[in-house]
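Beneath this line is the structure, given in structure tokens, with notes to follow.
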Amino acid sequence: METTMKLAEKYRAEIDDILSRYPVKRSALLPLLYLAQAEEGYVSEAAMKEIAGILRLTPPQVYETVTFYTMLNLKPVGTFHIQVCKSLMCALVGSDTVLGWMKAKLGIGPGETSADKMFTVSAVECLGACGTGPMMQINEDYYERLTEEKVDTILSDLRRDGTSQLKSGPFMWPLPTKQDA
Amino acid sequence: MPQHEPVLLKNMMQPGYGGSLAEYERTGGYQALRKVLGKVAPADVTAMVTKSGLRGRGGAGFPTGIKWGFLPKDYKGPKYLCCNADESEPGTFKDRQLMERDPHQVLEGIAIACYAIGCETAYIYIRGEFTLGAKILNRAIQEARAAGHLGKNVYESGVSIDIHVHRGAGAYICGEETALLESLEGKRGLPRVKPPFPATHGLYGKPTVVNNVETLANLPHIVTRGPEWFASIGSPPKSTGTRIFCVSGHVKRPGNYEVPMGVTVRELVYEHAGGMRGDKPLKAFIPGGASAPFLTPDHLDVKLDFEAVAQAGSMLGSGGVTVMEEGTSMVWAALRLMEFFHHESCGKCSPCREGSSWLTQTLKRILAHRGRPEDLETLTDLCKNIAGRTVCAFGDAEVAPIMSTLQYWRAEYEDLIRAASLHRERELPMASARH
């Protein structure tokens, strides 16, 4: 019951704001699951039960939804969840090399978490950045046009600062040239 | 290279353009909304869009004005507009750029569409991975509300329009319009059986329009410059306007290129995208995202419009053009796409759920030199029993890579299977020795 109180207490204003956007409570399910995941790093059983209570759903209704979506984790992941795109468009420009390099640097392959719980690596399907492959997503940020050197920098930045300057800003490709100006 | 005037990407191509409200307004932003709100009858806005010939930019290419016209005219209850920003089709990355670099252009388009169909609430269903895009859109919505472009009684016209951003959570199928609605209702994103169509029974069972980001971003320009201007661009009468083509794969300059519909693949690849990486010959390309069948160098002069690409045996789809150079294994390419479809099959229909697994396993076996002579027939048979036998178009999409590679590069499959049979012959004495 302790966790049950936690979400509703900590995010009261956010939860009210989310609920106000929809005429039907159940629509708030994904946004509330994101809140729970932000809190604990994954969606725990206690959080699912609490959300079911808030939205007047049964816990199985919440569970069946959670299991459908790949971005909702049912178990804890590392501090940095590295998701490397392996779909055709990224594979054409070297995503397999990125995964191999990741394994060489971190000693873990797709689906594994490093012993210090800092990194989890996943091979995922298309993340919508095909023109700037190979690419990966780490937590909420995209990293694009990856090379082995870039991957090294990103990993050491994350270890040191918890973030990296190499993450993508608002997307623009091809970049405007002087001719376009 | 012929000069084309970009329309949707024009603002963001200006150096230093950041997409804030002030910057958007300086380029004439929200003038189109002011022009129609309370001044032009909603039915006339719909007629204008119909006249422009604008067709959906998400994949299916359905005429936008006609889609709006399907909504019941005398309906008194709430109606909804859903902006489909669940850009998950491999090969496509244009909506991301539109949302991240010029969010108000999208919002203005949504507001115009809301007015035309008489709805007060719109949801932008954005794929969960686009967290930056969601943040930028949320900030833009706040700016627009504060400036009176959205909210209650906009420009004192008596019209209220509100927009909410709703993040998906990682499921390709949620780009299918009925699956999107299910997901927005807080359920698993499983496609609904049609009919009834969203126009009458959509979000929460109410009349609903689902339009793609790029489709909606075109609306301010159609209102400002007129439907005749829009209809004169591209390949009239059926493929009008410009299109943002996303070029990926083995080209020198991958990226988004906005060109009039009807340019050839040759022009797009060799002029805009700088030609092939390392100047290798082009072996294959996909003209419209992963769901579109592969085409060959013989199709380089096919015009990129809805009809010409369909006539060549593929589809224009979402505008994602992926290019492969000589030396790419087409069986491998088909497998990579099959793995995607297998992973993303929602599981509702057995032919797609089970078939995608069998197709993936068979391709993997062939590539691992363990193929059997009957495998090609099995693949073809499976494809025929998946396409057209599912609730949504996912079944048709998942067989496209296999059917088209079998059509054009059958010899690659046969070579791998022949190599496997030689392998088996060598292994035979060992195998019999074990018994």
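So the sequence lines, in the order shown, correspond to chains A and B.
Numbering that gives the first Met the number 0 numbers the first residue of the first sequence as 0 and each following residue consecutively.
Numbering that gives the first Met the number 0 numbers the first residue of the second sequence as 0 and each following residue consecutively.
For every residue, glycine included, the Cβ atom is placed at its ideal position computed from N, Cα and C.
Please read these numbers as outputs of a predicted model, since none were measured by experiment.
Within chain B, the residues Tyr203 have their CB atoms less than 7 Å from the CB of Pro22(A), given in chain order. Shown in chain order are the members of the segment 167 to 179 of chain B whose Cβ falls below 8 Å from a Cβ of chain A: Gly167, Ala168, Gly169, Ala170 and Tyr171. Membership of Ser403(B) in the alpha helix (DSSP H) is indicated by the continuous run Phe393 to Tyr407. For Tyr21(A), same chain residues with a beta-carbon under 8 Å away, outside a window of 5 residues either side, are Ala27 in chain order. The straight-line gap separating the alpha-carbon atoms of Pro372(B) and Val330(B) is approximately 15 Å.
Judged by their CB atoms, Asp101(B) and Asn10(B) are nearer to each other than the 8 Å cut-off. Here His220(B) is buried. Its C-beta has 16 or more other C-beta atoms within 10 Å. It is roughly 44 Å from the alpha-carbon of Ser155(A) to the alpha-carbon of Met314(B). Neighbours of Met402(B) in chain A, taken as residues at a C-beta separation under 8 Å, are lacking, since the least C-beta distance is about 16 Å. Taking 3 residues as the shortest admissible run, the segment 36 to 118 of chain A contains the following complete beta strand (DSSP E) segments, listed from N- to C-terminal end: 79 to 84. Close to Lys78(B), with beta-carbon spacing below 9 Å, lies no residue of chain A; the smallest spacing is near 12 Å. In summary, the residues of the segment 111 to 133 of chain A whose CB is separated from some CB of chain B by less than 9 Å are Val123, Glu124, Cys125, Leu126, Gly127, Ala128, Cys129, Gly130, Thr131 and Gly132, in the order they occur in the chain. For Leu336(B), the chain A residues whose C-beta falls within less than 7 Å of its own C-beta are Leu87, listed in chain order.
Put simply, the CB of Pro296(B) is far from chain A, with every gap to its CB atoms at 8 Å or more.
Interface flag for Gly27(B) against chain A is unset, since no Cβ pair is found closer than 8 Å.
Within the DSSP bridge table, the entry for Glu24(B) names no partner. In summary, Gly188(B) is buried, with 16 or more beta-carbon neighbours lying within 10 Å of its beta-carbon over all protein chains present. Below 8 Å, too few C-beta pairs join the segment 85 to 103 of chain B and the segment 223 to 240 of chain B to call them touching: fewer than three. At a Cβ-Cβ threshold of 8 Å, Ala283(B) and Thr223(B) do not count as neighbours. A check of alpha carbon separations from Ala35(A) across Lys24(A), Asn72(A), Glu143(A) and Met135(A) identifies Asn72(A) as the nearest. Looking at Ala289(B), His341(B) and Ala309(B), the one whose alpha-carbon comes closest to that of Val322(B) is Ala289(B). Short of 8 Å from the beta carbon of Asp151(A), and not among the five residues preceding or following it, lie these beta carbons of its own chain, in chain order: Lys104. Nothing from the segment 43 to 62 of chain A brings a Cβ to less than 7 Å from some Cβ of chain B.
Runs of the alpha helix (DSSP H) spanning 4 or more residues and lying entirely within the segment 106 to 142 of chain B do not occur at all. Comparing C-alpha distances from Gly60(B) to each of Asn384(B), Gly287(B) and Ala110(B) shows the shortest one belongs to Gly287(B). Taking Tyr79(B) as reference, the option from Val308(B), Val208(B) and Ile125(B) with the minimal CA-CA separation is Val208(B).
About 5 Å separates the beta carbons of Tyr41(A) and Pro75(A), which is inside the 8 Å limit, making them a contact pair. Think of a sphere of 8 Å around the beta carbon of Leu34(A): no beta carbon from chain B falls inside it, the nearest being about 11 Å out.
Using a Cβ-Cβ cut-off of 8 Å, Gln136(A) counts as an interface residue toward chain B, since at least one Cβ of chain B sits closer than that to its own.
Nearest C-alpha to Leu299(B) among Met402(B), Glu270(B) and Lys75(B): Glu270(B). Exposed is the label assigned to Tyr74(B), since fewer than 16 other Cβ atoms lie within 10 Å of its Cβ. Close CB contacts of Val268(B) within its chain, under the 8 Å cut and outside five residues either way in sequence, are with Val246, Val250, Gly274, Met275, Leu281, Phe284, Leu299, Val320 and Val322 (chain order). Listed in chain order, the positions of the segment 379 to 399 of chain B with a beta carbon within less than 7 Å of a beta carbon of chain A would be empty, since no residue qualifies. DSSP places Ile232(B) outside both helix and strand once states are collapsed to three, so it counts as coil. Between the segment 56 to 70 of chain B and the segment 120 to 135 of chain B there are fewer than three inter-stretch CB-CB distances shorter than 8 Å, so the stretches are not counted as touching. If you draw a straight line from the Cα of Thr239(B) to the Cα of Val6(B), it is about 13 Å long.
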